[in-house]
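*Asks:*
There are 2 protein chains.
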Amino acid sequence: MSDLTPTTRSRVKRLRERGAYDFDTIASILDAGLLCHVGYVIDGHPYVTPTAYWRDRDHVYWHGSSASRMLRTLEKGVDACFTVSHLDGLVLARSGFNHSINYRSVMLFGRARKIEGEGAKLRALESFLERMFPGRWQQLRPATTKEIKATTVLRMAIEEGSAKIRTGWPHDDEDDYGWPVWAGVVPVRAVTQQPLPDERLVGAKEPPDYLADLSHLGLNRK
Amino acid sequence: MSDLTPTTRSRVKRLRERGAYDFDTIASILDAGLLCHVGYVIDGHPYVTPTAYWRDRDHVYWHGSSASRMLRTLEKGVDACFTVSHLDGLVLARSGFNHSINYRSVMLFGRARKIEGEGAKLRALESFLERMFPGRWQQLRPATTKEIKATTVLRMAIEEGSAKIRTGWPHDDEDDYGWPVWAGVVPVRAVTQQPLPDERLVGAKEPPDYLADLSHLGLNRK
Numbered sequence: 001m002s003d004l005t006p007t008t009r010s011r012v013k014r015l016r017e018r019g020a021y022d023f024d025t026i027a028s029i030l031d032a033g034l035l036c037h038v039g040y041v042i043d044g045h046p047y048v049t050p051t052a053y054w055r056d057r058d059h060v061y062w063h064g065s066s067a068s069r070m071l072r073t074l075e076k077g078v079d080a081c082f083t084v085s086h087l088d089g090l091v092l093a094r095s096g097f098n099h100s101i102n103y104r105s106v107m108l109f110g111r112a113r114k115i116e117g118e119g120a121k122l123r124a125l126e127s128f129l130e131r132m133f134p135g136r137w138q139q140l141r142p143a144t145t146k147e148i149k150a151t152t153v154l155r156m157a158i159e160e161g162s163a164k165i166r167t168g169w170p171h172d173d174e175d176d177y178g179w180p181v182w183a184g185v186v187p188v189r190a191v192t193q194q195p196l197p198d199e200r201l202v203g204a205k206e207p208p209d210y211l212a213d214l215s216h217l218g219l220n221r222k
Numbered sequence: 223m224s225d226l227t228p229t230t231r232s233r234v235k236r237l238r239e240r241g242a243y244d245f246d247t248i249a250s251i252l253d254a255g256l257l258c259h260v261g262y263v264i265d266g267h268p269y270v271t272p273t274a275y276w277r278d279r280d281h282v283y284w285h286g287s288s289a290s291r292m293l294r295t296l297e298k299g300v301d302a303c304f305t306v307s308h309l310d311g312l313v314l315a316r317s318g319f320n321h322s323i324n325y326r327s328v329m330l331f332g333r334a335r336k337i338e339g340e341g342a343k344l345r346a347l348e349s350f351l352e353r354m355f356p357g358r359w360q361q362l363r364p365a366t367t368k369e370i371k372a373t374t375v376l377r378m379a380i381e382e383g384s385a386k387i388r389t390g391w392p393h394d395d396e397d398d399y400g401w402p403v404w405a406g407v408v409p410v411r412a413v414t415q416q417p418l419p420d421e422r423l424v425g426a427k428e429p430p431d432y433l434a435d436l437s438h439l440g441l442n443r444k
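Chains as they are written, first to last, in our numbering: chain A, 1 to 222; chain B, 223 to 444.
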């Protein structure tokens, strides 16, 4: 996959040493998440909608009800901004000014396209579910034509955008290192807890193996 | 604080039973987070920038370098969309279609205003830091005039917007409850890990008491 060329929109201007444009860095940040924030414009007003997403090769995908305002707007091919961010830590410095957070984020710009055709839509939804829970798709009650019709799937190419990353320790002013206050990092993680079986389960209550490790979604086991 | 009146922009249309407009619900979701996604428009293009935020009474606040494109755009008083979302769980149903996620989100619409004056800015920054780490502000190397000048603080009134919440179990089609696949919820939480002291610390390495419990930021102890 090609690395991205910075554009007026995508170049990281502030703290440019935190910016990255290589495909692998961007893909790894996208793959460590589940919830994106999609920005779009209606009548000149900005909207930011959180939604689940997935990556497949050089595209990001998201979906929802065909009646959704967000999807009905974006399927027209208007400009979108697709942002994913992970909070990794709180950075406590000796001065308020040098406090920070550790994070990994990606901003992508482009226009989304609707996946057309029942077969193509179904394959996209299967790849979403299989990315989350490998092996589960075949266990489910099969999708119906009505359900597929009621679902819109969009995708956007990963071709204009950037990653921005902060890691590590506080960067204090040299004169401040002698200041006697605690400084350091509080790591933050997203974790899963023990799966809770639905009370109307007819089979085993024991969670399936594919729930044992969701670290591919950026979720660690508590 | 007043509850919010739904508008064309803020009314929850899809799955309207998930929508809420009362101030306390909105405030509690805002208070359980640290990272928002701010949407704005430059030359007709949408941008979504993740940034730290805090709430004080009926306003949300965010800040950053005075050189930031996001802040320089918003301080002009253009339209903004301010979104906060928390991922609470993965919801596994008997059909792919009924899979879902549990979440709490808030979308606010409005225009941001810049906090003017060194004193007012300093008080806003103090309230941010004190919300995160009560008692820490007085321990820090005091802010300088130069640092305050280099920082822009914006605030936006909580007056147009809505919350959207999904909690609980999968909602399967009645006919599907007999399907023999595991169904239920995988709870997701944001947690902190053991604080890591900076290696150049001059005082105690022991983390201060205000780091023992960060649940007021939506962060539980691992």
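Don't be surprised by glycine CBs; every beta carbon is placed ideally from N, CA and C.
Nearest by alpha-carbon distance to G77 (chain A): which of A:R94, A:G184, A:K114, A:V60 is it?
*Replies:* With distances taken between Cα atoms, G77 (chain A) lies closest to A:K114.
*Asks:* Going by DSSP, what residue range makes up the alpha helix (DSSP H) through A93 (chain A)?
*Replies:* Careful: A93 (chain A) lies outside any alpha helix (DSSP H) and carries neither H nor E.
*Asks:* Spatial neighbours of Y269 (chain B) within its chain, please: C-beta separation below 6 angstroms, excluding the five flanking residues on both sides.
*Replies:* Taken in chain order, the residues that qualify are Y262.
*Asks:* Classify Y283 (chain B) as helix, strand or coil using the three-state DSSP reduction.
*Replies:* If DSSP states are grouped into helix, strand and coil, Y283 (chain B) belongs with the strands.
*Asks:* Tell me T151 (chain A)'s beta-bridge partners as DSSP assigns them.
*Replies:* A:S65, per the DSSP bridge assignment.
*Asks:* Consult DSSP for L252 (chain B) and reduce its assignment to one of helix, strand or coil.
*Replies:* Here L252 (chain B) sits in helix by DSSP.
*Asks:* Measuring alpha carbon to alpha carbon, tell me which residue in B:W404, B:G286, B:G318, B:V260 is nearest S307 (chain B).
*Replies:* Cα-wise, what sits closest to S307 (chain B) is B:V260.
*Asks:* Quick one: which residues of the stretch 46-66 of chain A get their C-beta closer than 7 angstroms to a C-beta of chain C? List them in chain order.
*Replies:* Although the question refers to chain C, the structure presented lacks it and instead comprises the protein chains A and B.
*Asks:* Could you work out which residue in B:D244, B:F331, B:G318 is closest to G44 (chain A) when comparing CA atoms only?
*Replies:* With distances taken between Cα atoms, G44 (chain A) lies closest to B:F331.
*Asks:* Could you check which residue in A:L90, A:V60, A:L15, A:R111 has the C-alpha nearest to that of N102 (chain A)?
*Replies:* Nearest option by C-alpha distance: A:L90.
*Asks:* Could you check which residue in A:K149, A:Q193, A:G184, A:W179 has the C-alpha nearest to that of V407 (chain B)?
*Replies:* Minimum Cα distance to V407 (chain B) is reached at A:Q193.
*Asks:* So is D394 (chain B) buried or exposed if we call it buried at 16+ other beta carbons inside 10 Å?
*Replies:* D394 (chain B) is buried by the Cβ-count criterion.
*Asks:* Could you give the C-beta distance for H63 (chain A) and L154 (chain A), rounded to a whole number, given that I count them as a contact under 8 angstroms?
*Replies:* 7 angstroms between Cβ atoms; contact.
*Asks:* So S105 (chain A) packs on V12 (chain A), CB below 8 angstroms; how close in whole Å?
*Replies:* Actually they are not in contact, since the Cβ atoms of S105 (chain A) and V12 (chain A) sit about 10 angstroms apart, beyond 8 angstroms.
*Asks:* Assuming D88 (chain A) and V191 (chain A) are in contact, meaning their beta carbons sit under 8 angstroms apart, how far apart are those beta carbons, in whole angstroms?
*Replies:* About 13 angstroms; that fails the 8 angstroms criterion.
*Asks:* Taking the Cβ atom as the reference point for each residue, do F97 (chain A) and T273 (chain B) lie within a distance shorter than 9 angstroms?
*Replies:* The answer is no: Cβ separation not under 9 angstroms.
*Asks:* With DSSP as the reference, label M223 (chain B) as helix, strand or coil.
*Replies:* Of the three classes helix, strand and coil, the one that applies to M223 (chain B) here is coil, per DSSP.
*Asks:* Tell me which same chain residues have a C-beta within less than 6 angstroms of the C-beta of L219 (chain A), skipping the five on either side of it?
*Replies:* Taken in chain order, the residues that qualify are A190, T192.
*Asks:* For D22 (chain A), collect the residues of the same chain with a Cβ closer than 6 angstroms to its Cβ; drop the 5 residues on either side in sequence, then sort them by chain order.
*Replies:* Around D22 (chain A): D3.
*Asks:* With 16 other CB atoms within 10 Å as the buried threshold, where does A93 (chain A) fall?
*Replies:* That one is buried.
*Asks:* Reducing DSSP to helix, strand and coil, say where T295 (chain B) ends up.
*Replies:* Reduced to three states, the DSSP call for T295 (chain B) is helix.
*Asks:* Quick test of the definition: if touching needs 3 or more C-beta pairs under 8 angstroms, does the stretch 418-438 of chain B touch the stretch 352-363 of chain B?
*Replies:* Taking 8 angstroms as the limit for Cβ pairs, the verdict is that the stretch 352-363 of chain B does touch the stretch 418-438 of chain B.
*Asks:* Please find out if some non-hydrogen atom of the ligand SAH comes closer than 8 angstroms to the beta-carbon of K336 (chain B).
*Replies:* Summarising the ligand content, the structure contains no ligands, and the ligand SAH is consequently not present.
*Asks:* Which residues share a DSSP beta bridge with P207 (chain A)?
*Replies:* Bridge partners of P207 (chain A): none, in fact.
*Asks:* Excluding the 5 residues preceding and the 5 following I248 (chain B) in the sequence, name in chain order all residues of the same chain whose CB lies nearer than 6 angstroms to its CB.
*Replies:* Closer than 6 angstroms at Cβ, skipping near neighbours: V328, A385.
*Asks:* Where DSSP assigns a beta bridge to K386 (chain B), which residues make up the other side?
*Replies:* DSSP output for K386 (chain B) lists B:G241, B:S327 as bridge partner(s).
*Asks:* Quick one: what's got a C-beta closer than 6 angstroms to W179 (chain A)'s C-beta in the same chain, skipping five residues either side?
*Replies:* Cβ within range, chain order: R94.
*Asks:* In the DSSP assignment, what are the bridge partners of W276 (chain B)?
*Replies:* Note: W276 (chain B) sits in a beta bridge opposite B:Y283.
*Asks:* Mind reading off the beta-carbon distance from P197 (chain A) to W404 (chain B)? Whole number of angstroms is fine, and I expect it under 8 angstroms.
*Replies:* Going by Cβ atoms, the distance from P197 (chain A) to W404 (chain B) rounds to 7 angstroms, so yes, they are a contact pair.
*Asks:* Between the alpha carbons of H321 (chain B) and L201 (chain A), how many angstroms are there, rounded?
*Replies:* So the two alpha carbons sit approximately 15 angstroms from each other.
*Asks:* Looking at chain B, is there any beta carbon in it that lies within less than 9 angstroms of the beta carbon of M107 (chain A)?
*Replies:* True, the Cβ-Cβ gap to chain B drops below 9 angstroms.
*Asks:* Between the alpha carbons of T389 (chain B) and E116 (chain A), how many angstroms are there, rounded?
*Replies:* Distance between the alpha carbons of T389 (chain B) and E116 (chain A) is about 32 angstroms.
*Asks:* Relative to the C-alpha of I380 (chain B), which residue among B:D280, B:R236, B:I264 is closest?
*Replies:* Selected option, being the one with the closest Cα: B:D280.
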